[in-house]
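Below: the structure, in structure tokens.
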Amino acid sequence: MEALVIGGGGREHALAWKLAASKEVEQVHVAPGNPGTAAEPGVENVAIAADDLEGLVEFAAGRRIGLTVVGPEAPLVAGIADALALEGLACFGPRASAARLEGSKAFAKAFLDRYRIPTAGYATFDRIEPAVRHVRAQGAPIVVKADGLAGGKGVTVARTVDEAVHALESALREGAFGAAGERVVVEECLEGEEASFICIVDRDRVVPLASSRDYKTRDEDGAGPNTGGMGAHSPAPGLTAALHGKVMRDIVGPTVRGMAADGAPFTGFLYAGLMIGRDGIARVLEFNVRCGDPETQPIMLRLRSDLAGMCGAAAAGRLETGVADWDPRSALGVVLAAEGYPGAVRRGDPILGLDRDLPDTRVFHAGTAFGDDGRVVTAGGRVLCVCGLGDDIAAARRLAYARAELIDWPGRFSRADIGRRPKP
Ligand code: AMP
Ligand code: GLY
Numbered sequence: 001m002e003a004l005v006i007g008g009g010g011r012e013h014a015l016a017w018k019l020a021a022s023k024e025v026e027q028v029h030v031a032p033g034n035p036g037t038a039a040e041p042g043v044e045n046v047a048i049a050a051d052d053l054e055g056l057v058e059f060a061a062g063r064r065i066g067l068t069v070v071g072p073e074a075p076l077v078a079g080i081a082d083a084l085a086l087e088g089l090a091c092f093g094p095r096a097s098a099a100r101l102e103g104s105k106a107f108a109k110a111f112l113d114r115y116r117i118p119t120a121g122y123a124t125f126d127r128i129e130p131a132v133r134h135v136r137a138q139g140a141p142i143v144v145k146a147d148g149l150a151g152g153k154g155v156t157v158a159r160t161v162d163e164a165v166h167a168l169e170s171a172l173r174e175g176a177f178g179a180a181g182e183r184v185v186v187e188e189c190l191e192g193e194e195a196s197f198i199c200i201v202d203r204d205r206v207v208p209l210a211s212s213r214d215y216k217t218r219d220e221d222g223a224g225p226n227t228g229g230m231g232a233h234s235p236a237p238g239l240t241a242a243l244h245g246k247v248m249r250d251i252v253g254p255t256v257r258g259m260a261a262d263g264a265p266f267t268g269f270l271y272a273g274l275m276i277g278r279d280g281i282a283r284v285l286e287f288n289v290r291c292g293d294p295e296t297q298p299i300m301l302r303l304r305s306d307l308a309g310m311c312g313a314a315a316a317g318r319l320e321t322g323v324a325d326w327d328p329r330s331a332l333g334v335v336l337a338a339e340g341y342p343g344a345v346r347r348g349d350p351i352l353g354l355d356r357d358l359p360d361t362r363v364f365h366a367g368t369a370f371g372d373d374g375r376v377v378t379a380g381g382r383v384l385c386v387c388g389l390g391d392d393i394a395a396a397r398r399l400a401y402a403r404a405e406l407i408d409w410p411g412r413f414s415r416a417d418i419g420r421r422p423k424p
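Read in order, the letters of the sequence shown are residues 1 to 424 in this note's numbering.
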């Protein structure tokens with residue numbers, strides 16, 4: 001079978017690497033991929049953008065691709081799974097109707113409410129005056145979210161009422177997020193420890209992936225602006241076996257059954273972003289309808305089961321509920337970012353030290369490109385995710401940082417505290 005991975009970041013590099021390791025898979029194509037995927041055995045890049053739905057479907061149909069795995073959310077929300085299905089092609093990713101769980105936060109909150117799934121209290125607004133009145137009445141801290149897809153920039157965890165009002169103004173009055181911000185969700189601010197809970201889902205059947213934890217802010221100890229994620233590890237220590245059972249029973253189960261009951265059965269990676277409160281209850285912060293980036297990189301480092309087998313079975317409607325096989329060790333990834341991230345970044349700097357290997361480490365590419373002379377250069381905000389695998393998170397952390405130390409370019413930066421001690 002030939003497989004297609006849509007996307008070109010670190011998450012897609014990790015997925016393509018794992019899919020290529022499957023005996024069932026002869027060739028993995030990545031659209032558009034990056035220099036990291038180009039160098040993987042059994043993987044080749046195709047120059048089709050992740051948002052070029054027509055081009056992707058034409059390619060998949062022409063090659064009779066046996067399994068398409070979609071990395072980012074935008075093509076899913078835009079209906080890539082529906083378009084592939086029209087051609088009779090298997091896609092591991094939700095239809096547009098189910099991708100609304102990520103595509104609209106107002107939809108997700110109403111769904112969570114309807115099925116009594118634990119989450120933060122909320123209200124939805126499309127006009128500024130009542131939204132500001134609500135924020136003033138509630139007080140801070142409070143969270144303001146653009147309803148639609150905003151490339152990870154649509155959420156403000158406001159520490160003051162002024163900050164919240166400013167976020168409302170930029171979404172509802174200034175149109176900072178375009179149509180995605182014409183409606184906002186205002187949420188109660190939850191405290192606790194975050195965890196990412198990602199499952200392989202085939203309607204009512206579920207195989208959970210190992211838990212993970214993402215570090216969202218640019219700077220150490222939760223300081224600085226939110227990013228796509230500056231590092232991650234698996235497992236998430238807060239997700240004990242007992243809590244894992246509760247999350248499956250109280251969150252994942254009701255979600256997949258609820259989506260099916262609503263006529264939008266879910267197939268694909270279902271990602272519940274959780275906040276584990278001091279009361280020991282896990283609440284849903286958000287749903288994503290795809291794998292997390294950078295969580296996928298350490299998770300794939302630990303996965304021993306056949307990823308293509310599981311995704312292929314789910315896409316064909318014959319996944320068996322169960323557990324996957326995991327390396328008992330911990331994995332940790334630290335993101336090496338380019339100067340300016342998460343804002344505009346400098347690009348085109350040659351990356352030094354990519355060939356300097358260490359045992360039990362692996363480098364996944366994200367914002368990289370081939371320069372004119374064929375060297376690998378920086379080409380985005382999150383450039384690399386450097387991962388280590390060790391007996392515990394501290395050991396994985398030492399390995400990942402040791403390998404990261406060997407890599408350099410002008411303006412390179414990373415967080416020093418990934419996995420040091422849970423804080424945002
Ligand atoms: P989202 O895009 O909805 O995941 O939000 C991005 C990040 O904002 C989350 O990973 C959390 O760190 C934070 N966040 C979102 N909602 C809340 C909330 N209700 N309370 C506290 N933090 C939140
Ligand atoms: N790392 C968070 C995300 O992928 O949404």
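Note that CB positions come from ideal geometry on N, CA and C, so glycine has one too.
By the Cβ rule, the segment 304-313 counts as touching the segment 9-24, because three or more pairs are nearer than 8 Å.
Not a single heavy atom of the ligand GLY lies less than 8 Å from the C-beta of Cys311. Gly9 places its beta carbon less than 9 Å from that of Asn34.
If you draw a straight line from the Cα of Leu274 to the Cα of Arg203, it comes to about 21 Å.
Under DSSP, no beta-bridge partner is assigned to Val289. When distances are taken from the beta-carbon of Lys18 to the heavy atoms of the ligand AMP, even the shortest one reaches 8 Å or more. Collapsing the DSSP output to three states places Asp113 in a helix. According to DSSP, residue pairing for Glu187 in a beta bridge involves Tyr122, Val143. If you look at Thr156, you'll find it in the beta strand (DSSP E) that goes 155-158. In the DSSP assignment, Ile418 falls outside any beta strand (DSSP E), carrying neither H nor E. Around the CB of Arg159, fewer than 16 other CB atoms lie within 10 Å, so the residue is classed as exposed.
Looking at the DSSP output, Glu194 shares a beta bridge with Met275. Under the criterion of beta carbons closer than 8 Å, Val345 and Ala400 do not qualify as touching, at roughly 22 Å. Per DSSP, Ala379 lies in no beta strand (DSSP E) segment and is marked neither H nor E. When distances are taken from the beta-carbon of Asp147 to the heavy atoms of the ligand AMP, even the shortest one reaches 8 Å or more. Between Pro94 and Val289 the beta-carbon gap is near 5 Å, inside 8 Å, which marks them as a contact.
Apart from the 5 residues on each side of it in sequence, Gly152 sits with its Cβ closer than 6 Å to the Cβ of Gly228 in its chain, given in chain order. Listed by position in the chain, the residues whose beta carbon lies within less than 5 Å of some heavy atom of the ligand GLY are Asp214, Gly229, Gly292, Asp293.
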